[in-house]
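Written below as structure tokens is the structure these notes are about.
In my numbering, the protein residues as written are 282 to 1264.
Rendered as structure tokens:
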């Protein structure tokens, strides 16, 4: 290979400039576009295509910019970097700006030769982002070659979107609905896990022995497990077959000691210490038995386990964290609290009569079945629960249940009846999926059921629809009106599909038939249930938000079943939760509320309204014994503590038992008169308090301490120096858009911009990033300081697609003076200012570094870029070099008087002619930067000596001088305003 085409050198081919990559050969150049990403890499044969040595031409003295030119060009250049030189290889190329606390799991991971982690941060903190950061970095460094995410099928498409849009990882969905299509494209004997390096796999699908064995044989070297707590069970409980299958799958995946494994869950304990131990055993076998009461045991766990509450990270990198000042302090805008309000309703006389008759019927069936055998007794039991739950849900659900045969009726044994009946009638916290769980359960038991009686009850239920006789619905309308009047957009959670559909019909506006709903003409109501696929659910929610539009008077109401209670993030569109149906496990309430109470929620307070009947015999006690107790523990600890399923089931079983007993014997005792209920209540109270105490103790014992905040602060400083901080991006976006002719409104940190008057090239670039309709209709684009933005908004961070498109346009316009329209940035400028006392020259220099990064898969040769500001006083031949801090301050210098263009051009011509005298200093500075980068890489990998052996960083010469800016003193006789540092 010719010398000028050595690794890291610049060449010109195909009408653009490229960086030569280490994979190049004498007869084949592997090239990456200058400033481009790895996705743009191309191969060129010099024998067949023209390849020229590319020297970066100096700026043209006649193409002078104003005082903003240097700062805009520097930021535009840095935003465009996709191959950073620092130890975090992936951060320059991902489309998310992580919070400082989200870097902690990444720092922990990079200190392990084989990454084994349990990420158990609280709901809404951003565990998906944290796991994605680890994955993207391992892939970028070559430590991993493939990725598998194991998750619920309902969350698979969301994981796919998150990985693609935020981390640039294209993963194939492996679900029961896609596997046939994927397998048709395989070669003979080929596994789809070999064909597709990155996959998102349904845990439900892959846990069966037939699919599991193929996955384990061909499993990628990096696996992320979402909701990992559903994959283990406590030792002292009879774990169901689903948990057994999931655990066996993960156990075999974890057996390979060289495989990276990241487990993600907000509830690692699930109320059982042994379940937590089994989970730790998947991370590392020795953690299952290590003494966590000892300092050495906790230190061993701390290397692999991170669990933080919101209070731990709401304010981070402050003096309270042990830092010397608050200069790097980061405040994350979580909602401050949830406002709970429990609202009651009473049954109408007609509804009361129906419920009493239904209880009497169910009681008779249970008593009769009790004398027929254990199987019949369990079938009757689940049918009775189904009937009672659907009756207190809605008339629609009741009628559906009364006309549907019980799922348990086909059971051949009592055990099978429990397996079939429990999922549809209970709310187990460890259900691995909510798919199909919102169907209305059946109440019919046998073919010779007295159908006329059930039919008569169903007909009576159907006649109770509407607010006149369904006073629960009437109460809902009242509370929704109050929420909407206060500016909230609520989600109403129901237990069953018929209830959700019923509420939507009662509340929505039907424009076609001229029906106006009770919530107002500008309120949009839609229902999302398990009848829709996961992707269709997201589309309906987006359609609801779009239909409501930006009108400040418009409101959104989403009616949903628990198919949306896990995983789906709804904080951008909704800010209140109404529990229309009480869940019989309080963890389900917490999951519902967690859909809106999370990072990115704009409201400081999330409102939660729980509607319950005070005379239906069920709701009041469930609320008191389970729901309120759960809230109190969470308020005291700051985190949710799950109640074991068997304990909550014991309470609800006792309630149903008492109701049926009252139905048989006509007793009018209060619920507190039931001895079984009192026993169950005392048991759950005692065990739950013990679990809460264990959790409180474990949170203090296992507080994240593997990475000290000072270490995070050091890396955050390094990242911001290389890539830019939020303040720089905000200034860049404002100044660039104003210079390009956009209309900006808002004087604070956040603002809106209409870009209809900007150059067509910019509009074309923004269209894919923000949406063609926004550009075509010249809608205002909201720019937010919070990285968690909704659709149609832009975040003031370098990784936002809108900011990236703007930066690319500004950079291209600066480098090509023939670009049509305004050009905010220029490669040179002459400014007369009071900020200097002698002529000062500011250089914007692009450095390229050749890195050798060792990994367990061999050394990787990488070319990375960095942009730096250097400044000197006087002429280049006798330069007095300024400190980097003083050089950066030059960007804030403002012009005191206008500089004559002809004088400016002559001055720039003279400075450019003398500039070669400064090149030696630029080279020395590049070597210093290379040494700093080498130290930084070694520091981040400090805990594993094997990962630093062979690491090296060298600077490619010569550096590229992209910009030259001369600052002339207003009064040449005045003394210099800042000391210089001599070369």
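Ideal Cβ positions, reconstructed from N, Cα and C, are used throughout, including at glycine.
Owing to the predicted nature of the structure, the values given are computational and were not obtained by experimental measurement.
key: Counted within 10 angstroms of its Cβ, other Cβ atoms place residue 480 as buried (16 or more) or exposed   = Taking the first residue of the chain shown as 1, we reach residue 480 at position 199. Result: buried.
Identify every run of the beta strand (DSSP E) within the segment 1212 to 1253, keeping only runs that are complete inside it and at least 3 residues long; order them along the chain. Runs found: 1233 to 1250.
Span separating the alpha-carbon of residue 392 from that of residue 1150: Here the question's residue 392 lines up with position 111 in the chain shown. Here the question's residue 1150 lines up with position 869 in the chain shown. One C-alpha to the other measures close to 32 angstroms.
Per DSSP, the bridge partner or partners of residue 432
Translated into the one-based positions of the chain shown, residue 432 becomes position 151. In the DSSP output, where bridge partners are listed per residue, residue 432 has 483.
Notebook entry, point to check: Can you list the alpha helix (DSSP H) stretches of 4 or more residues lying completely in the segment 841 to 885, in chain order?
Noted result: Complete alpha helix (DSSP H) runs here, min 4: 867 to 875.
| request: Give the straight-line distance between the Cα atoms of residue 819 and residue 849, rounded to the nearest whole angstrom. | output: As a working note, residue 819 is residue 538 in the chain shown. As a working note, residue 849 is residue 568 in the chain shown. Going from the Cα of residue 819 to the Cα of residue 849 covers about 8 angstroms.
Checklist line | Cα-Cα separation, residue 659 to residue 627 | finding: Residue numbering aside, residue 659 sits at position 378 when the chain shown is read from its first letter. Residue numbering aside, residue 627 sits at position 346 when the chain shown is read from its first letter. So the alpha carbons of these two residues sit roughly 31 angstroms apart.
Which of helix, strand or coil does DSSP assign to residue 377?
Position 96 of the chain shown holds residue 377. In the structure shown, residue 377 sits in coil (DSSP, three-state: anything other than H, G, I, E or B).
* Asked: Where do the ends of the beta strand (DSSP E) carrying residue 1062 lie?
  -> Working through the chain shown from its first residue, we reach residue 1062 at position 781. Residue 1062 -> beta strand (DSSP E) spans 1062 to 1065.
Pick helix, strand or coil for residue 822, following the three-state DSSP scheme. Walking along the chain shown from the start, residue 822 turns up at place 541. Helix at residue 822.
| Just to confirm, are residue 578 and residue 587 a CB contact at a threshold of 7 angstroms? | As a working mapping, residue 578 is identified with position 297 in the chain shown. As a working mapping, residue 587 is identified with position 306 in the chain shown. No.
- Whole-Å CB distance - residue 352 paired with residue 1172, under 8 angstroms assumed: Translated into the one-based positions of the chain shown, residue 352 becomes position 71. Translated into the one-based positions of the chain shown, residue 1172 becomes position 891. Right, their Cβ atoms sit about 4 angstroms apart.
Residue burial classification, residue 954 (beta-carbon count within 10 angstroms, cutoff 16):
Locating residue 954 in the chain shown gives position 673, where the first residue counts as 1. With a pLDDT of only 45 at residue 954, under 50, the local geometry of the prediction cannot be trusted, and no value is derived from it.
What are the start and end residues of each continuous alpha helix (DSSP H) run of 4 or more residues lying completely inside the segment 765 to 833, in chain order?
778 to 788 and 815 to 829
Self-check item: Distance between beta carbons of residue 373 and residue 1004, contact taken as under 8 angstroms
Solution: Looking up residue 1004 in the chain shown gives position 723. Looking up residue 373 in the chain shown gives position 92. With a Cβ gap of about 6 angstroms, residue 1004 and residue 373 count as contacting.
Note down, in chain order, each residue of its chain lying with its Cβ closer than 8 angstroms to the Cβ of residue 1046, except the 5 sequence neighbours on either side.
Numbered from its first residue, the chain shown carries residue 1046 at position 765. Correct list, in chain order: 1086, 1087, 1089 and 1090.
Would you identify the three-state DSSP class for residue 1131, choosing helix, strand or coil? Residue 1131 sits at position 850 when you count from the first residue of the chain shown. Here residue 1131 sits in strand by DSSP.
Output the residue ranges of the beta strand (DSSP E) runs that lie fully inside the segment 282 to 356 and measure 3 residues or longer, sorted by chain position. Qualifying beta strand (DSSP E) stretches, in chain order: 291 to 294, 297 to 301, 310 to 314 and 323 to 325.
Express the C-alpha separation of residue 593 and residue 1169 in angstroms, rounding to a whole number. Your numbering for residue 1169 matches position 888 in the chain shown. Your numbering for residue 593 matches position 312 in the chain shown. Their Cα atoms are separated by approximately 34 angstroms.
### Task
Would you mind giving the Cβ-Cβ distance between residue 1244 and residue 1163, rounded to the nearest angstrom? I have them listed as a contact below 8 angstroms.
As a first step, residue 1244 is located in the chain shown; it is residue number 963 there, counting from the start. As a first step, residue 1163 is located in the chain shown; it is residue number 882 there, counting from the start. The pair is not a contact, with the Cβ atoms about 16 angstroms apart (cut-off 8 angstroms).
Q) Does the Cβ-Cβ distance between residue 497 and residue 455 come in under 7 angstroms? A) Residue numbering aside, residue 497 sits at position 216 when the chain shown is read from its first letter. Residue numbering aside, residue 455 sits at position 174 when the chain shown is read from its first letter. Cβ atoms of residue 497 and residue 455: not closer than 7 angstroms.
Confirm, please, whether the CB-CB distance from residue 764 to residue 643 is below 7 angstroms.
-> For this step, residue 643 is matched to residue 362 along the chain shown. For this step, residue 764 is matched to residue 483 along the chain shown. Their beta carbons are not under 7 angstroms apart, which means residue 643 does not touch residue 764 by this criterion.
Exercise for the section: Classify residue 953 as helix, strand or coil using the three-state DSSP reduction. Expected result: Here residue 953 refers to the residue found at position 672 of the chain shown. Caution applies to residue 953, whose pLDDT of 42 falls short of 50 and renders its modelled position unreliable; the value that the coordinates give is listed next. Per DSSP, reduced to three states, the secondary structure at residue 953 is helical.
Along the chain, where does the alpha helix (DSSP H) that runs through residue 651 open and close? Position 370 of the chain shown, counted from the start, is the residue given in the question as residue 651. Run containing residue 651: 630 to 651, per the alpha helix (DSSP H) assignment.
* Is residue 903 near residue 962, with beta carbons less than 7 angstroms apart? -> Translated into positions along the chain shown, residue 903 becomes position 622. Translated into positions along the chain shown, residue 962 becomes position 681. Contact: no.
Q) According to DSSP, which residues form a beta bridge with residue 541? A) Along the chain shown, one-based indexing puts residue 541 at 260. According to DSSP, which records beta bridges pairwise, residue 541 is partnered with 503.
Pick out the complete alpha helix (DSSP H) segments inside the segment 588 to 627, 4 residues or longer, and give them in chain order. 591 to 594
CB residue 1248 to CB residue 1121, shorter than 7 angstroms?
Position 967 of the chain shown holds residue 1248. Position 840 of the chain shown holds residue 1121. Yes; because the gap between Cβ atoms is below 7 angstroms, this pair is in contact.
(message) Looking at the secondary structure, which residues open and close the alpha helix (DSSP H) in which residue 682 lies?
(response) For this step, residue 682 is matched to residue 401 along the chain shown. Unbroken alpha helix (DSSP H) run through residue 682: 676 to 683.
With burial defined as no fewer than 16 other Cβ atoms inside 10 Å of the residue's Cβ, what is the status of residue 1009: buried or exposed? Numbered from 1 along the chain shown, position 728 holds the residue referred to as residue 1009. Per the 10 Å Cβ criterion, buried.
Exposure label - residue 1032; buried when at least 16 CB within 10 Å = As a first step, residue 1032 must be located in the chain shown, where it is residue number 751. Residue 1032 is buried by the Cβ-count criterion.
Please classify residue 401: is it buried, with 16 or more other beta-carbons within 10 angstroms of its beta-carbon, or exposed?
For the purposes of this step, residue 401 is taken as residue 120 along the chain shown, with counting starting at 1. Buried, by the Cβ-count rule.
(request) Output the boundary residues of the alpha helix (DSSP H) element that contains residue 1083. (result) Numbered from its first residue, the chain shown carries residue 1083 at position 802. From DSSP, the alpha helix (DSSP H) with residue 1083 extends over 1082 to 1096.
Three-state class that DSSP yields for residue 751 in the structure shown
Your numbering for residue 751 matches position 470 in the chain shown. It is coil, neither helix nor strand.
Anyone know if the C-beta pair for residue 368 and residue 911 falls short of 7 angstroms? Here residue 368 refers to the residue found at position 87 of the chain shown. Here residue 911 refers to the residue found at position 630 of the chain shown. Against a cut-off of 7 angstroms, the Cβ pair of residue 911 and residue 368 comes out as no contact.
Through-space distance from residue 722 to residue 677, alpha-carbon basis: On the chain shown, residue 677 is found 396 positions in, with the first residue counted as 1. On the chain shown, residue 722 is found 441 positions in, with the first residue counted as 1. Computed Cα separation, rounded: 12 angstroms.
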